[in-house]
Each structure stands twice: as C-alpha cells, then as structure tokens.
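First residue of the sequence shown: 300, per the working numbering; consecutive thereafter. Before any comments, here is the structure.
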Amino acid sequence: MNISSSEVLIPILGNYMNSKEDSTDVIASIYIGNFSKNTNSTIDNINQGEIYHRMCKIQNLYQSIYLSHQREKTMLNLLNVLSEIVSDNDPCGVLHPYHVANISKEIGKALRLDDITLKQIYIAGLLHDIGKLYIDNSILNKEGALTEDEFEIVKKHSVYGANIVKDVFGLDDISVLVKYHHERYDGTGYPNELTGEQIPLGSRILCLADSVDAMLSPRIYKEPRNVEFVIGELLKNRSKQFDAKIVDVMINMLLKANEETTDILSDTIIWSTLTMYTTKTVYSIEGTLGKYDFGYYFKANKFNFSTEINKDEIRTINLYINKNNNMYCYELKSDYYENNTLHISSFDYIPFLDSFNILWNLDGILNLNSLENLDINIYKIGGSRLMFYIDKKQIKEDIIDNILSLEVYFKGKENILLTGKIVNTFKVGNKNHYEFLYINTSDVVIDHLFKNIFSKQMELRRFITKII
Ligand SMILES: [Fe+2]
Ligand SMILES: [Fe+2]
C-alpha cells in the first residue's frame, strides 16, 4: 500500500497470548483520513480527548477479537494434531472431543449454569484429552489391553492436558476442569482421588459425558452400545463413578434426544461434514465449523479447496451437523475460500421433511437383490420416509435408482416390510446416510410401524421409572 505523507494511520499493537512481555507487533492499522498539508496540527487533532478515547476503545476491541481468534486457531491446530494421532488407529475417535464438549454443554444447560460457565465447559470438553499429545503413540494406539505400567503413563494425560490449557492458552479455570476429568465421585479416580463435591462440577460433567460418548460411539475395537445399555450403566454407577444428579439429567436428555434443538450453531467450534456438489463430482469433506464474531468458516481436516475445487463448477454446498443424536442439514453459500478454509456467507436450514427422531436406532435390513442384504441403522422415521445409515459400507450407485425393500426389526415383535426408493445420500464420518422414500407402502403398514415404535418407547420409560 502506498501511503502519502498526509495520510494518518493509527497502528494497533498485537500482544501474543504466549508472550510474557509486551509485544510491539503491529497487527492492523486504522485509517483516520487524508489531512491537508495546510492543517498544521494533525497529531494534536488526534490526541484531542474524545478522538483519543475512541481510538483506545477500538484498539481494545480489536485486540480482544484478535486474541480470541488466535486462541481458537491454536486450539484447532492442537485438536487437529491430536486427531491425526488418534485417527491412524481409530478414525471414529476424531469426533470424541466434539461429542464430549457438546454433551457436557447440554448437561450444563439442563443444570441451568450461566453462559460463561457453559462456554468454559464446552472448551474444556474440546481439550479434555489434549494431554494425550504427550503420551507415546505406541501406547495410545496399542491394540489390546494396556499393562499396569502403560496405564499409569496414560493416566498422566489429565495433568499434562491441564498444563497445556494453562500455559498455552492461559485459561486457568478451564485447566482445572481438564485436570480432574477422570476423578470419580466415590474417590477412586485420578490424579488426586478427590471425592464428591471436592471435584469441580464441570469436571464431574466431563467425566460422565466422556463415558457416555465412549459407549454411544463406534470405535475400531467395538460396536456402539444402544441407549438402553447406556442408561443401565449410568444407573449402575450412580453415586459411584458419577454424581447422581448429573446421571438423572443425562438420562432425561437421552430420553428427549428426539427433540429438535434450535441453537445448533451457537458453539464456537463444531465438527461437521460438508457435501459439495460440483458439475463433475460430489465431495464429502470433514472438518470444523468455526465461528468468527462476524460469521462462520469451515476448516477442512484433509482437503485443500484452492487446489482441488474450481469455483465455477460448484453447484450446491450442504453442511451436516450431528448433534444430540440428531442430524441437521444446512445449505451454504460461500464467497471465497483459501487453502483448507471455506468462508461462509449464508446459511439456510433445510429440515428433513415429515420425520422425527427416534430414541434409539432401529435395526433393519435393506434387500438390494435376492442375493445381497445390508445391515442398516434407522434413526429417523416418518409417515412418508425414513433415514438410515450404514457403517463403513456404501450402496452401489446403480442400485440407488431401483425400488428396494427394507425390513425394520422389532425385538419380540413381527418385522415390518417397507418398499421404496433412496432419494438422498450423504456421508458423515464412516457412516453413509440415506433417505428412503416409501413407495407402494399402505397406511396399514405405516400404522403398524408407529404402534411398534410407541410401545417400545413406553417400555423404555417404564424400565427407567422402575429403577430411579
Ligand atoms: Fe481423558
Ligand atoms: Fe476422553
């Protein structure tokens, strides 16, 4: 930029969050104007009380935005390094920090914690296992059980994590929550064997959210557990590993998981999947949706928009967010992208028509032809369509246009047979999702389907009220 001698710019000085001393880096300038050479006291004008005061305010505001942006960038980079290490051996583990953050925040909301505490808990959730960066890969990725010595090493991750959060981000309150996320209510946890209310509330929440996600998510070494199993485990460990009041809140949340949430985009960092339709192909890109003070961006985990996409070829961009066991879809517009970051100019929520979430995944089978069947997990169901996903496998494209039959399983009851067509498909993580529209399926069959779902729901509620 060419600046003439009559132009006045006020420098804004950056203060890097790691730096103990004051830094003098110029991070931006505010353009004041072009003063005529005849004005003899430009600087005097600027130093006049009110203008000077305003400049200070702008500088403070700019600095705090800049610092929080820098902090988020560092946080994302660290999370990416951790997910790189974990994903070699356990691709599903990449989502773990995001799930823990989200479940923890939802528990906090149900406990009516204030907004600042909720934000702290969310960030602590994202960073709770960041200390694993210091643990040897061979131990983290070891197949089979750990030896006692190896377990002692892994246990150190909560203290290492607390140190990273404190030293790198300067977030002392959040560091405490990370440090105690493996303490147990009955005093048998680590690192300090704290008991009951000695453990900070945020850490007690993280501990439970950590276990719930570990049970509900598929891992390379295990299938996901169903909601009944999770509720059973929580009840077994009520007042032992977990705080009883947090257990009760979590069980209520699991039972209400079908309720739509309105503030999907309220968190600063959310894991999501971008589906980009171009004139040539469809890309399914995983990454983090981040929030600036003035908008959103999508940072791909392993994709370079600049080199792999031609802007003129983009037709539609959809973003899928999996939150509270629910799937949300948005259509995006983007004005520009650079390297692995896509800047978002607008969001449009696209509801999945005429369907509601069920509390648990129903098992089913999709008959592709007389010889081939696929196991499916149904998670949304409605009067005209349902949604299901298949783990790791994909339905071949030439079959997608066919009329297919689909069987829904109900334990101890008759299976229900539906016919229809796949009308939409997208990929989130390892799961391929499909929208199945019924064709030639009578109302009697649909009524039967709903009756079975509601009676299963009632059974589940009765089971819980009997125990609590
Ligand atoms: Fe942990
Ligand atoms: Fe964890």
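For glycine and all other residues, C-beta sits at the position ideal for the given N, C-alpha and C. All values reported here derive from a predicted model rather than from experimental measurement.
Could you round the C-beta distance between Ala649 and Tyr629 to whole angstroms and report it? I think they count as a contact, below 8 Å. At residue 649 the sequence reads Ile, which differs from the Ala that was named. With a Cβ gap of about 6 Å, Ile649 and Tyr629 count as contacting.
I'd like to confirm the pairing. Which residues does DSSP put opposite Asn617 in its beta bridges? The partner list for Asn617 (beta bridge, DSSP) reads Thr574 and Glu630.
Residues sharing a beta bridge with Ile675, DSSP: Among the bridge pairs identified by DSSP, Ile675 is matched with Gly663.
Name, in chain order, the residues that DSSP records as bridge partners for Ala599. Ala599 is bridged to Gly586.
Does the segment 431 to 440 come close enough to the segment 466 to 479 that 3 or more CB-CB pairs lie under 8 Å? Because the criterion of three Cβ pairs below 8 Å is not met, the segment 466 to 479 and the segment 431 to 440 do not touch.
My assumption, with CB atoms under 8 Å, is that Leu275 sits in contact with Lys692. Please give the rounded CB distance. Given a span of 300 to 767 for the chain in the structure shown, any question on residue 275 remains unanswerable.
Within 10 angstroms of the Cβ of Asp542, are there 16 or more other Cβ atoms? Answer buried if so, exposed if not. Label assigned to Asp542: buried.
Quick check on this structure: which residue in Asn731, Arg370, Lys404 and Leu717 has the alpha carbon closest to the alpha carbon of Lys695? Cα-wise, what sits closest to Lys695 is Asn731.
Is any heavy atom in ligand 2 found nearer than 8 Å to the beta carbon of Asp509? Asp509 Cβ: within cutoff of ligand 2.
Quick check: what's the CA-CA separation for Asp647 versus Leu631? Between Asp647 and Leu631, the C-alpha separation is close to 6 Å.
Taking contact to mean at least 3 C-beta pairs separated by less than 8 Å, is the segment 437 to 451 in contact with the segment 575 to 588? The segment 437 to 451 vs the segment 575 to 588: no contact.
Taking all protein chains shown into account, do 16 or more other C-beta atoms lie within 10 angstroms of the C-beta of Asp321, making it buried, or fewer, making it exposed? Because the pLDDT at Asp321 is just 48, under 50, the model does not fix this residue reliably, and the value given afterwards should be weighed accordingly. So Asp321 counts as exposed.
Ile643 lies in the alpha helix (DSSP H); which residues open and close that run? Segment Thr640 to Ile649 is the beta strand (DSSP E) holding Ile643; no alpha helix (DSSP H) there.
Examine ligand 1 and report whether any of its heavy atoms sits within less than 8 Å of the Cβ of Ser457. True, at least one ligand heavy atom lies under 8 Å from that Cβ.
Does the beta-carbon of His480, which I'm using as the reference point, lie nearer than 8 Å to any heavy atom of ligand 1? Yes, the Cβ of His480 comes within 8 Å of a heavy atom of ligand 1.
In the DSSP assignment, find the unbroken beta strand (DSSP E) run with Val722 in it and report its ends. It spans Ile715 to Val727 - the beta strand (DSSP E) in which Val722 sits, taken as one unbroken run.
To the nearest angstrom, how far is it from the Cα of Tyr484 to the Cα of Gly719? Cα-Cα distance, rounded: 50 Å.
Considering only their Cβ atoms, is the gap separating Thr724 from Tyr737 smaller than 9 Å? No.
Answer yes or no: the CB of His427 versus the heavy atoms of ligand 3, is any distance below 8 Å? This structure simply doesn't include ligand 3; it includes ligand 1 and ligand 2 instead.
Using DSSP's beta-bridge definition, name the partner residues of His822. For the chain, the structure presents residues 300 to 767; residue 822 sits outside this window and is missing.
Exposure of Leu716, with buried meaning 16 or more beta-carbon neighbours within 10 Å: Classification for Leu716: exposed.
In angstroms, rounded to a whole number, what distance separates the CA positions of Glu758 and Ile752? Glu758 and Ile752: Cα-Cα distance of roughly 10 Å.
Tell me, which residues are paired with Glu492 by DSSP? In DSSP, Glu492 forms no bridge with anything.
Tell me whether Glu637 sits in a helix, a strand or coil according to DSSP, three-state version. The answer is strand: DSSP assigns Glu637 an E or B state.
Those residues which DSSP pairs with Ser502 across a bridge: Bridge partners of Ser502: none, in fact.
Classify Thr587 as buried or exposed, calling it buried when 16 or more other Cβ atoms lie within 10 Å of its own Cβ. Counting of Cβ neighbours within 10 angstroms places Thr587 among the buried residues, the total reaching 16 or more.
Bridge partners - Glu706, DSSP secondary structure assignment: For Glu706, which the question treats as bridged, DSSP gives the partners Ile664 and Leu716.
Per the contact definition of three or more C-beta pairs closer than 8 Å, is the segment 390 to 409 in contact with the segment 492 to 510? As far as the Cβ criterion goes, the segment 492 to 510 touches the segment 390 to 409, which means the pair count is three or higher.
What do you get for Leu748, buried or exposed, if any count of 16 or more other CB atoms within 10 angstroms of its CB means buried? Looking at its Cβ environment, which holds 16 or more other Cβ atoms inside 10 Å, Leu748 is buried.
Would you say the beta carbon of His732 is closer than 8 Å to some non-hydrogen atom of ligand 2? A distance criterion of 8 Å places the beta-carbon of His732 beyond contact range of ligand 2, judged by its closest non-hydrogen atom.
CA-to-CA distance, Asp414 to Cys355, given in whole angstroms: Those two C-alpha atoms are separated by around 28 Å.
Exposed or buried, which one is Lys544 when buried takes at least 16 other CB atoms within 10 Å? For Lys544, the number of other beta carbons within 10 angstroms of its own is below 16, and it is reported as exposed.
Measuring only from the beta carbon, is Ala543 closer than 8 Å to any heavy atom that is part of ligand 2? Outside the cutoff, so no.
Work out the CA separation of Phe709 and Ile608 for me, nearest whole Å. About 45 Å.
Buried or exposed: Arg760, going by 16 or more other Cβ atoms within 10 Å of its Cβ? It is exposed - the Cβ of Arg760 has fewer than 16 other Cβ atoms within 10 Å.
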